[in-house]
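What follows is a short report on a single structure.
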Amino acid sequence: MKIKQGKIALSILLAGSLLAAGCGDKPAASDPKSEGSGTAQKTGGTLSISLDSDPPKLDPFSSTALVDRMVFQSIFDKLVDLDEKGDIIPMLAEKWDVSPDQKSYTFTLKQGVKFHDGTDFNAEAVKFNFERNMDKASNRKNELNSVEKVTVSDPYTVKVDLSQPYAPFLSVLTDRAGMMVSPAGVEKYGEDFLNHPIGTGPFVYKERQKGSSITLEKNANYWQKGLPYLDKVEYKIMNDANVALMNLKSGQVDITNKFPFKEIENAKNDTKISVINESGQGYQGLHLNTTKAPFDVKELRQAVDLLIDRDAIVKVVLSGAGSPAHSPFAKSQFAYGDSDKSEQPNVDKAKELLKKAGKESGFTFTLKIGTSPTNQQVGQMIQNMMKPAGITVNLEKVEFGTMLEQAKTANYEAVAIGWSGRPDPDLNIYDFAVTGSSNNYPRYSNKEVDRILGEARVEGDQAKRKAKYDEAMRILNDEVPYIYFYHDHNVFGLSNSVEGFTYVPDGLIRTVKLSKK
Amino acid sequence: MTFLVRRLLLAVPVILLVTIMVFSLLHLLPGDPATVILGQEATPEAIEAMRANLGLNDPIVVQYLKWLGGVLQGDLGRSLVDRTPVAELIWQRLPATLELTLGTFVIALLIAVPAGILSAVRPNSWVDYTSTFFALGGMSVPHFWLGMMFIVFFAVKLGWLPASGYVPFTENPLANLAAMIMPMLATGLRESAILMRMLRSALLEVMHADYIRTAYAKGHKESFVIFRHALKNALVPVVTTSGLIVAGLLGGLVITESIFSIPGFGKLIIESIYNRDFVTVQGAILVSALMVVVVNLLVDILYAVIDPRIKVGKGAEQ
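Have a look at this one:
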């Protein structure tokens with residue numbers, strides 16, 4: 001009973017504070033039609049977005065789930081953001097200067113920005129956020145490892161010193177590590193901040209029903225004049241993609257963050273909805289344990305790689321919602337391209353390799369896969385692709401937590417684990433290939449690769465960096481500690497009543513410019 | 001009254017046993033909760049710190065006793081995922097499941113009782129064949145499929161009902177019913193089939209009993225014989241089945257809750273297992289066990305009400 005009363009009291013409080021906020025001064029130019037952007041978007045209305053799982057932690061500091069970031073886009077602004085091409089653009093930081101030695105970044109902040117609780121966004125707040133995320137309890141700590149010191153130069157200038165040049169630094173700030181939360185809010189709620197998220201974003205957290213929905217309301221004092229267009233954004237949790245699609249069709253939902261692959265073709269005939277099927281930042285494939293038989297022999301790894309028909313996987317399992325891959329680099333990353341030349345499966349060549357390794361009649365290995373239907377289908381396809389060369393694959397279904405633990409302790413022969421991807425190529429390869437890195441499950445070690453990837457992350461020039469990644473991939477594609485299958489796509493369902501949608505390669509739905517017809 | 005007390009006392013070791021089993025099973029599972037919570041990027045140090053923080057380095061018996069100590073003081077612990085008190089999480093999820101269970105059961109009864117009586121009274125008639133046909137259909141068709149079909153038909157094609165989403169009854173009773181009617185029907189139809197078959201066979205057996213013939217011989221009307229004599233005796237197995245059904249529904253509505261996006265109790269358990277949120281799973285299963293115990297108790301009391309010959313209290317002593 002206590003809880004219920006608490007909830008009611010809280011709702012009254014919230015409603016009261018919202019009313020109070022509503023009575024405040026409204027921005028004068030709230031009519032976007034006068035903004036002269038050409039397309040007139042309607043204001044008002046509620047937009048519903050279905051999410052495939054319930055975001056566990058609404059605080060960038062502790063967040064681990066991908067789905068959290070969908071909601072974060074509406075609540076928290078970042079220092080910098082990504083645009084449609086995957087380039088870094090200003091957001092709360094108006095501009096930044098990088099020192100010639102690439103070791104310090106000076107950010108000039110936007111002025112007049114306020115957090116949802118009414119406190120000011122300024123250099124002190126940025127410093128607070130950096131330090132909070134650098135704490136050892138933070139899940140962002142890894143991403144900010146290179147940061148040594150954060151100094152407030154003046155109320156709207158912050159200097160960040162790195163211990164060594166780190167090329168992906170800005171790209172890290174386009175996601176959770178760059179999201180600005182209210183210092184006053186953190187002080188007030190402490191550990192419970194994740195249930196009371198306060199940022200500077202276009203929408204203000206209102207309430208959530210765990211397992212069912214999260215409701216946000218328009219930030220009337222948003223710093224981008226005339227935005228957002230919508231009054232309300234509602235995230236609805238729908239675990240099943242087919243159920244989400246049905247809701248989209250019946251108009252209960254305007255955008256779905258997952259779309260059943262098999263329905264992509266059918267949806268093309270539907271006049272009420274459209275499908276966004278665009279390349280994301282991640283990849284899927286297999287880790288091969290290089291410290292254990294059979295994959296401690298390079299030829300056997302190469303043979304398996306040669307037998308994989310990537311096109312078939314993309315066509316059959318994904319119905320086209322992916323693209324064949326030979327590298328960890330996504331299409332939106334500058335390193336994508338040359339290392340990704342497609343090679344067709346070649347049974348004869350694979351047999352030759354087997355012969356060279358003394359396994360003429362083939363061999364057997366166990367492949368650990370996750371429990372989703374997609375994982376199983378991919379597993380079965382691999383099983384069949386290996387048969388012509390006499391390789392037998394035993395599939396072993398493993399629950400994800402167990403799989404991660406076994407991968408980390410190298411307790412496997414082959415394991416199918418992908419990576420959701422990050423904007424900078426370094427973050428898609430370094431931790432996976434460099435000796436002793438946290439995600440180097442194959443326990444692969446090559447001094448040459450370590451050197452090249454180490455150089456690539458401190459290099460400031462993009463063209464030179466790309467050349468280094470190409471060089472590293474030449475070695476990795478020959479040594480095959482990891483077999484890349486395909487680059488993930490993000491597939492959204494979109495009601496035709498939604499306007500202003502632009503796809504950004506990080507696959508996150510930005511609500512600030514969305515409206516409903 | 002002593003019967004009630006005895007029954008309640010009997011429930012204590014059952015619940016205790018359930019908690020021990022759940023606790024040890026969850027901890028015997030391979031896979032480290034700290035790894036799951038922190039995800040793919042976590043460093044070994046962070047995982048070690050998290051393990052220590054969660055108390056996972058203590059011996060399992062110590063962990064169990066600590067937890068049990070909390071439970072006895074009314075503290076089910078805090079969720080490993082977002083630190084919300086588990087009691088609060090459960091409290092938030094229970095209403096939807098209780099409502100769904102109740103609605104499902106009422107629908108099942110509304111269909112099963114008349115259909116069961118009719119087909120038992122007129123065996124091998126068209127009524128019997130039709131209801132048998134539907135009962136078999138109801139039992140064979142998976143209810144998640146039926147649920148999907150309902151959504152396609154009523155929500156997408158006709159647009160009469162919301163495809164999913166849940167509104168608490170206290171907030172908007174009409175919207176609540178609109179959201180709940182499809183899931184209740186989808187599961188209710190299936191349960192009604194089971195109940196109906198049970199009622200039919202129980203009634204058929206009773207109808208051949210001597211006292212029914214006697215009742216007829218005394219010149220009573222058929223409806224009187226059925227409702228006053230036969231049904232009362234046929235109800236015992238039906239009540240047993242009902243108890244099982246309700247107990248099953250309370251924790252087992254996972255699929256229905258998923259399809260219709262209802263934030264219920266079953267979904268909470270599944271989500272928590274998936275997140276390795278041991279503390280929440282333990283709390284939820286404890287509550288689930290409590291609910292089953294309560295339902296069983298109610299069933300036993302109902303026995304005594306329906307059929308005074310069943311004196312459970314004395315029966316148990318013999």
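Protein chains in written order, with full-length UniProt numbering: chain P, 1 to 517; chain B, 1 to 318. Beta carbons: idealized from backbone N, C-alpha and C, even for Gly. What you are looking at is a predicted structure, and each value in this text was computed from that prediction instead of being measured.
Distance, residue j Cα to residue i Cα
{"i": "P:Glu405", "j": "P:Thr374", "result": "21 Å"}
{"i": "B:Ser242", "j": "B:Leu29", "result": "33 Å"}
{"i": "P:Phe400", "j": "P:Ile417", "result": "9 Å"}
{"i": "P:Asp488", "j": "P:Lys315", "result": "13 Å"}
{"i": "P:Asp87", "j": "P:Arg140", "result": "22 Å"}
{"i": "B:Leu80", "j": "B:Leu297", "result": "33 Å"}
{"i": "P:Leu162", "j": "P:Gly199", "result": "26 Å"}
{"i": "P:Ala321", "j": "P:Asn247", "result": "21 Å"}
{"i": "B:Phe23", "j": "P:Phe115", "result": "43 Å"}
{"i": "P:Cys23", "j": "B:Glu171", "result": "Confidence is the limiting factor: at P:Cys23 the pLDDT is only 38, short of 50, which leaves the residue's position unreliable, though a coordinate-based value still follows. Cα to Cα, P:Cys23 sits roughly 25 Å from B:Glu171."}
{"i": "P:Gly454", "j": "P:Ala330", "result": "20 Å"}
{"i": "B:Met21", "j": "P:Phe130", "result": "44 Å"}
{"i": "P:Pro294", "j": "B:Val167", "result": "56 Å"}
{"i": "P:Glu448", "j": "P:Thr435", "result": "10 Å"}
{"i": "B:Val141", "j": "P:Leu514", "result": "42 Å"}
Assigned secondary structure, residue i (DSSP; H/G/I helix, E/B strand, else coil)
{"i": "P:Leu91", "result": "It should be pointed out that residue 91 of chain P corresponds to Met in this sequence rather than to Leu. Coil."}
{"i": "P:Lys210", "result": "coil"}
{"i": "P:Glu148", "result": "strand"}
{"i": "P:Trp223", "result": "coil"}
{"i": "P:Pro228", "result": "coil"}
{"i": "P:Leu47", "result": "strand"}
{"i": "B:Met207", "result": "helix"}
{"i": "P:Met238", "result": "coil"}
{"i": "P:His487", "result": "strand"}
{"i": "B:Ile270", "result": "helix"}
{"i": "P:Leu13", "result": "Any reading at P:Leu13 needs caution, since the residue's pLDDT is 42, under 50, leaving its predicted position unreliable; the model's value is listed next. It is helical."}
{"i": "P:Arg510", "result": "coil"}
{"i": "P:Tyr482", "result": "strand"}
{"i": "B:Leu72", "result": "helix"}
{"i": "P:Lys517", "result": "coil"}
{"i": "P:Ser37", "result": "Since pLDDT at P:Ser37 reaches only 45, below the 50 mark, its modelled position is unreliable, and the value read off the structure follows with that caveat. In this structure, P:Ser37 counts as coil in the three-state DSSP scheme."}
{"i": "P:Pro324", "result": "strand"}
{"i": "P:Ile255", "result": "strand"}
{"i": "P:Asn277", "result": "strand"}
{"i": "B:Gly252", "result": "helix"}
{"i": "P:Thr494", "result": "The question names Thr, but residue 494 of chain P in the sequence shown is Leu. In this structure, P:Leu494 counts as strand in the three-state DSSP scheme."}
{"i": "P:Thr502", "result": "coil"}
{"i": "P:Ser339", "result": "helix"}
{"i": "P:Lys292", "result": "coil"}
{"i": "P:Val233", "result": "strand"}
{"i": "B:Val305", "result": "helix"}
{"i": "P:Ala21", "result": "Residue placement at P:Ala21 is poorly supported in this model, since its pLDDT is 39, which falls under 50; the coordinates still yield a value, given next. Three-state result, P:Ala21: helix."}
Identity of the residues DSSP links to residue i by a beta bridge
{"i": "P:Glu396", "result": "P:Lys368"}
{"i": "P:Tyr205", "result": "P:Leu216"}
{"i": "residue 319 of chain B", "result": "The structure shown does not extend to residue 319 of chain B, since chain B spans only 1 to 318, so no value can be given for it."}
{"i": "P:Tyr105", "result": "P:Val98 and P:Val160"}
{"i": "P:Gly285", "result": "P:Tyr484"}
{"i": "P:Val80", "result": "P:Pro90"}
Reference residue i, options the options, closest by Cα
{"i": "P:Gly390", "options": "P:Tyr235, P:Leu300 and P:Arg457", "result": "P:Leu300"}
{"i": "B:Arg276", "options": "B:Leu54, B:Pro263 and B:Arg6", "result": "B:Leu54"}
{"i": "P:Ala414", "options": "P:Leu51, P:Ser323 and P:Ile483", "result": "P:Ile483"}
{"i": "B:Phe133", "options": "B:Ser119, B:Leu17 and B:Ser261", "result": "B:Ser119"}
{"i": "P:Ser171", "options": "P:Ile89, P:Asp240, P:Phe128 and P:Glu234", "result": "P:Ile89"}
{"i": "P:Pro481", "options": "P:Lys464, P:Gly493 and P:Ala303", "result": "P:Ala303"}
{"i": "B:Ile226", "options": "B:Leu4, B:Thr84 and B:Gly116", "result": "B:Gly116"}
{"i": "P:Asp450", "options": "P:Lys127, P:Lys464, P:Glu471 and P:Pro324", "result": "P:Glu471"}
{"i": "B:Val254", "options": "B:Glu205, B:Leu268 and B:Val246", "result": "B:Leu268"}
{"i": "B:Leu235", "options": "B:Met196, B:Ala87, B:Lys221 and B:Ala289", "result": "B:Met196"}
{"i": "P:Tyr189", "options": "P:Asp117, P:Ala241 and P:Phe169", "result": "P:Asp117"}
{"i": "P:Thr174", "options": "P:Glu343, P:Arg69 and P:Ile382", "result": "P:Arg69"}
Item to complete: Write down every uninterrupted run of the alpha helix (DSSP H) in the region 377-457 of chain P whose length is 4 residues or greater and which is fully enclosed by it, in chain order.
Response: If only complete runs of 4 or more residues are kept, the region 377-457 of chain P shows the alpha helix (DSSP H) at 400-408 and 426-433, in order along the chain.
- Let me know the alpha helix (DSSP H) ranges lying completely inside the region 150-226 of chain B, each 4 residues or longer, listed in chain order. Within the region 150-226 of chain B, complete alpha helix (DSSP H) segments of at least 4 residues are found at 173-207 and 210-217, given in chain order.
Which residues of the region 60-83 of chain P have a Cβ closer than 7 Å to any Cβ of chain C? Give them in chain order. Of the protein chains in this structure, namely P and B, none is chain C.
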